[in-house]
Amino acid sequence: MTPEEETEFKRRQKSRNLVVGGILLFLAVLFYVITIARM
Amino acid sequence: MAPDPMTQTVPTQLPAEWRDFFALTKPRVMSLVIFTGLCGLLAAPGTINPILGFTAVLCIALGAGGAAALNQWWEADIDAGMKRTAARPLPAGRMNRTDARDFGVLIAAASVMIMGLALNWLAAAILAFSVFYYAVIYTVWLKPRTPQNIVIGGGAGAFPPLIGWVAVTGDITLMPVLLFLIIFMWTPPHFWALALFVKTDYANVGIPMMPVVRGETSTRRQIFAYAVLLVPVAAAPWFIGGTAYVYGVASLALSLAFLALSVPVAFRQTGTNDTMKPEKRLFAFSIIYLFALFAALVADRVMANQGWIA
Numbered sequence: 052m053t054p055e056e057e058t059e060f061k062r063r064q065k066s067r068n069l070v071v072g073g074i075l076l077f078l079a080v081l082f083y084v085i086t087i088a089r090m
Numbered sequence: 009m010a011p012d013p014m015t016q017t018v019p020t021q022l023p024a025e026w027r028d029f030f031a032l033t034k035p036r037v038m039s040l041v042i043f044t045g046l047c048g049l050l051a052a053p054g055t056i057n058p059i060l061g062f063t064a065v066l067c068i069a070l071g072a073g074g075a076a077a078l079n080q081w082w083e084a085d086i087d088a089g090m091k092r093t094a095a096r097p098l099p100a101g102r103m104n105r106t107d108a109r110d111f112g113v114l115i116a117a118a119s120v121m122i123m124g125l126a127l128n129w130l131a132a133a134i135l136a137f138s139v140f141y142y143a144v145i146y147t148v149w150l151k152p153r154t155p156q157n158i159v160i161g162g163g164a165g166a167f168p169p170l171i172g173w174v175a176v177t178g179d180i181t182l183m184p185v186l187l188f189l190i191i192f193m194w195t196p197p198h199f200w201a202l203a204l205f206v207k208t209d210y211a212n213v214g215i216p217m218m219p220v221v222r223g224e225t226s227t228r229r230q231i232f233a234y235a236v237l238l239v240p241v242a243a244a245p246w247f248i249g250g251t252a253y254v255y256g257v258a259s260l261a262l263s264l265a266f267l268a269l270s271v272p273v274a275f276r277q278t279g280t281n282d283t284m285k286p287e288k289r290l291f292a293f294s295i296i297y298l299f300a301l302f303a304a305l306v307a308d309r310v311m312a313n314q315g316w317i318a
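Residue numbers (our numbering), protein chains in the order written: chain A, 52 to 90; chain B, 9 to 318.
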């Protein structure tokens, strides 16, 4: 892997990790409020 | 001399961007799915907690997105041969096919599970069937085999208002079935109008679209036939007493306009250097038609609930 490819690889990995983290956080909040709404 | 394996560079497959996963869900198609699903939910009798309503629409959108990802996974080679779809993540080589398949299965399965646990299992079962219908019955089975693919495949896009309605009521009555039928009857003229001005693309990849297989004249007549059928079907919720006159008048006005725009499409032939204006106009109006019809349905329900109309 060339240095340019490695930089691009890390950039994509970081942005994907941030999006996945955001989705997981959203789902945690969603499941919490669903539980409250169904009580 | 053989290259030194320690220093030789090999092509690297970079991980796909998150935007490419998002693109797999066909966001533009999803906007119509979200809107009709939301309208089905808002037009249904009864009340629903806003959080559960939001969850139901989210599940409908995720299910549609999963089905779209599976569709693109299966059709990557076909998409590569068409100008309209060649820039999608898979044919453009920006994503691994297995990733697209796994992503589709994951979000479709998650949407069904969340719908079942948060709303009800009848809505979840219909959602699961709609994903199967689009990804397997339409994409794998019918689309490459019959020029009627759009007619039967249109059923897949007709599920969202039905699911939205059932998410609220927990049972199926005639009204949500009529909402399903409206989109079912609307899909062929909507899609064939598009197919008339992009038919070269479909012909190149061997997809038996109606204009390619049966010819232009037959397609144009069938567009007109569906536009005629759409008038009573769209007004049926009013005829059976499921809505008040606000929806009834709006549905008749919109369907008659749709019919009027289908007339020049039905009774003409493509000429040399044809700009296909009537077809493009009908296609553009068909999108406005569906948004406006479902908006009228919700407006009618809101006005009735407020006691402004009988």
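C-beta atoms are modelled at their ideal positions from N, C-alpha and C, and glycine is treated no differently.
Can you tell which of the options has its C-alpha closest to the C-alpha of residue i?
i, options, result
"residue 269(B)", "279(B), 313(B), 293(B), 303(B)", "293(B)"
"residue 272(B)", "285(B), 122(B), 308(B)", "285(B)"
"residue 237(B)", "266(B), 223(B), 151(B)", "266(B)"
"residue 181(B)", "100(B), 249(B), 76(B)", "249(B)"
"residue 67(B)", "22(B), 201(B), 46(B)", "46(B)"
"residue 32(B)", "86(B), 109(B), 40(B)", "109(B)"
"residue 313(B)", "36(B), 42(B), 51(B), 215(B)", "51(B)"
"residue 2(B)", "152(B), 162(B), 100(B), 174(B)", "Outside the displayed span of chain B (9 to 318) sits residue 2(B), for which this structure offers no information."
"residue 168(B)", "310(B), 21(B), 48(B)", "48(B)"
"residue 98(B)", "23(B), 135(B), 202(B), 254(B)", "23(B)"
"residue 291(B)", "218(B), 222(B), 203(B)", "203(B)"
"residue 154(B)", "253(B), 315(B), 220(B), 179(B)", "220(B)"
Can you tell me whether residue i is buried or exposed? The criterion is at least 16 other CB atoms within 10 Å of its CB, across all chains shown.
i, result
"residue 277(B)", "exposed"
"residue 188(B)", "buried"
"residue 65(A)", "exposed"
"residue 138(B)", "buried"
"residue 119(B)", "buried"
"residue 80(B)", "buried"
"residue 70(B)", "buried"
"residue 359(B)", "Outside the shown range of chain B (9 to 318) lies residue 359(B), about which nothing can therefore be said."
"residue 159(B)", "buried"
"residue 302(B)", "buried"
"residue 157(B)", "buried"
"residue 234(B)", "buried"
"residue 56(A)", "exposed"
Any beta-carbon of chain A closer than 7 Å to the one on residue i?
i, result
"residue 82(B)", "no"
"residue 313(B)", "no"
"residue 11(B)", "Note on residue 11(B): pLDDT 48, under 50, position unreliable in the model; the coordinate value appears next. No - not a single Cβ of chain A is within 7 Å of the one on residue 11(B)."
"residue 128(B)", "no"
"residue 15(B)", "Low local confidence applies: a pLDDT of 46 at residue 15(B) is under 50, so the model's placement there is unreliable, and no value is given."
"residue 63(B)", "yes"
"residue 188(B)", "no"
"residue 60(B)", "yes"
"residue 157(B)", "no"
"residue 22(B)", "yes"
"residue 104(B)", "no"
"residue 57(B)", "yes"
"residue 224(B)", "no"
"residue 287(B)", "no"
"residue 26(B)", "yes"
Answer yes or no: does any C-beta atom of chain B fall closer than 7 Å to that of residue i?
i, result
"residue 63(A)", "yes"
"residue 80(A)", "no"
"residue 85(A)", "yes"
"residue 60(A)", "yes"
"residue 74(A)", "no"
Is DSSP giving residue i helix, strand or coil here?
i, result
"residue 320(B)", "Chain B is shown only over 9 to 318; residue 320(B) falls outside these bounds and no answer can be derived."
"residue 83(B)", "coil"
"residue 314(B)", "helix"
"residue 249(B)", "coil"
"residue 156(B)", "coil"
"residue 275(B)", "coil"
"residue 222(B)", "coil"
"residue 63(A)", "helix"
"residue 89(A)", "helix"
"residue 212(B)", "helix"
"residue 68(A)", "helix"
"residue 206(B)", "coil"
"residue 308(B)", "helix"
"residue 34(B)", "coil"
"residue 217(B)", "coil"
"residue 110(B)", "helix"
"residue 96(B)", "coil"
"residue 123(B)", "helix"
"residue 28(B)", "helix"
"residue 52(B)", "coil"
"residue 180(B)", "coil"
"residue 78(B)", "helix"
"residue 193(B)", "helix"
"residue 285(B)", "helix"
"residue 187(B)", "helix"
"residue 89(B)", "coil"
"residue 23(B)", "coil"
"residue 53(A)", "coil"
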